[in-house]
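A.B. asks: Numbering (this note's numbering), first residue to last: 127 to 322. Handing you this structure, nothing more for now.
Here's what the structure looks like:
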């Protein structure tokens, strides 16, 4: 059974810490914080949260802060999670914009930005690999799940199909496959019960 935040301030401070650690790859930190550190979510619950966040417009980490806050404290929790997540990065970003305007042509500044991009890419890949463990219990079943993972990579990563088209193109068959898989599982379980 997952834990839950002790108070609105606990929720706010948790997302403040996530915001402090995040620079473009916040979902990896949100995942680690929600599942491993705070234990507010199981991996399966977090995958559901991530799935919902990905179907809504906007950054996943921001949507996750709203959804987590709402789950535990309603509208006040959503506001606490959201403002906790954004206040430090927003302050730092404002200061960085002021500094960047005067130093953008410097070679070390450009190199630092390339380095940060590499780190963020690694964090996103690590987060995705960690969530792959849930494939074993996916409603799609492992082979179909893998088919959709590869299809998503090809459609979005290689063919560069915009997400607005890729989402319905992949989601509709995935939902149908999950429905069929769950229906067959229920029928199988019902037969097992009747035989015993």
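Built from N, CA and C at the ideal position, the CB exists for glycine as well.
(1) Could you tell me whether the stretch 184 to 197 touches the stretch 207 to 225, using the rule of 3 or more Cβ pairs below 8 Å?
(2) Within 10 angstroms of its Cβ, does residue 203 collect 16 or more other Cβ (buried), or is it exposed?
(3) Which ranges would you report for the alpha helix (DSSP H) in the stretch 218 to 269 if only whole runs of at least 4 residues count?
(4) For residue 321 and residue 146, what's the separation of their Cα atoms in angstroms?
(5) Alpha carbons only, please: which of 261, 144, 306, 161 is nearest the one belonging to residue 129?
(6) Considering only the alpha carbon of each residue, which of 155, 143, 144, 170 lies closest to residue 257?
(7) When you compare only the Cα positions, how much space is there between residue 253 and residue 231?
(8) Take the Cβ of residue 216 as the centre, count every other Cβ of all protein chains shown within 10 Å, and call the residue buried at 16 or more, exposed below.
(9) How long is the line joining the alpha carbons of residue 283 and residue 303, rounded to whole angstroms?
(10) Just to confirm, is the Cβ distance from residue 154 to residue 185 under 9 Å?
(11) Residue 313 to residue 266, Cα distance in whole Å?
(12) To the nearest angstrom, report how far apart residue 133 and residue 143 are at their CA atoms.
(13) For residue 274, I'd like the list of residues in its chain whose CB is within less than 6 Å of its CB, leaving aside the five on either flank, ordered along the chain.
(14) Suppose you measure from the CA of residue 141 to the CA of residue 235; what does that come to, to the nearest Å?
(15) Counting along the chain, where does the alpha helix (DSSP H) carrying residue 144 start and finish?
(16) According to DSSP, is residue 305 part of a helix, a strand, or is it coil?
(17) Residue 213 by DSSP, collapsed to three states: which one?
(18) Is it buried or exposed for residue 195, if we count other Cβ within 10 angstroms and need 16 for buried?
(19) If I'm right that residue 148 touches residue 187 with Cβ under 8 Å, what's the distance once you round it to whole angstroms?
C.D. replies: The relevant details are as follows:
(1) Judged by pairs of C-beta atoms under 8 Å, the stretch 184 to 197 touches the stretch 207 to 225, as three or more such pairs exist.
(2) Flag for residue 203 reads buried.
(3) Counting only runs of 4 or more, we get 233 to 257.
(4) Cα to Cα, the separation comes out at about 57 Å.
(5) Nearest option by C-alpha distance: 161.
(6) Out of 155, 143, 144, 170, 170 has the C-alpha closest to the C-alpha of residue 257.
(7) Residue 253 and residue 231 have their C-alpha atoms spaced approximately 33 Å apart.
(8) A residue is called buried when at least 16 other Cβ atoms come within 10 angstroms of its Cβ; residue 216 does not meet this threshold and is exposed.
(9) Straight across, the Cα-Cα distance linking residue 283 with residue 303 is about 23 Å.
(10) No, Cβ-Cβ distance for residue 154 and residue 185 is not below 9 Å.
(11) In this structure, the straight-line span from the alpha carbon of residue 313 to that of residue 266 is close to 16 Å.
(12) Taking the straight line joining both Cα atoms gives about 15 Å.
(13) Correct list, in chain order: 300.
(14) Their Cα atoms are separated by approximately 28 Å.
(15) Here the alpha helix (DSSP H) through residue 144 covers 134 to 147.
(16) Reduced to three states, the DSSP call for residue 305 is helix.
(17) Annotated three-state conformation of residue 213 is helix, per DSSP.
(18) Buried: at least 16 other Cβ atoms inside 10 Å.
(19) The pair is a contact, with the Cβ atoms about 7 Å apart (cut-off 8 Å).
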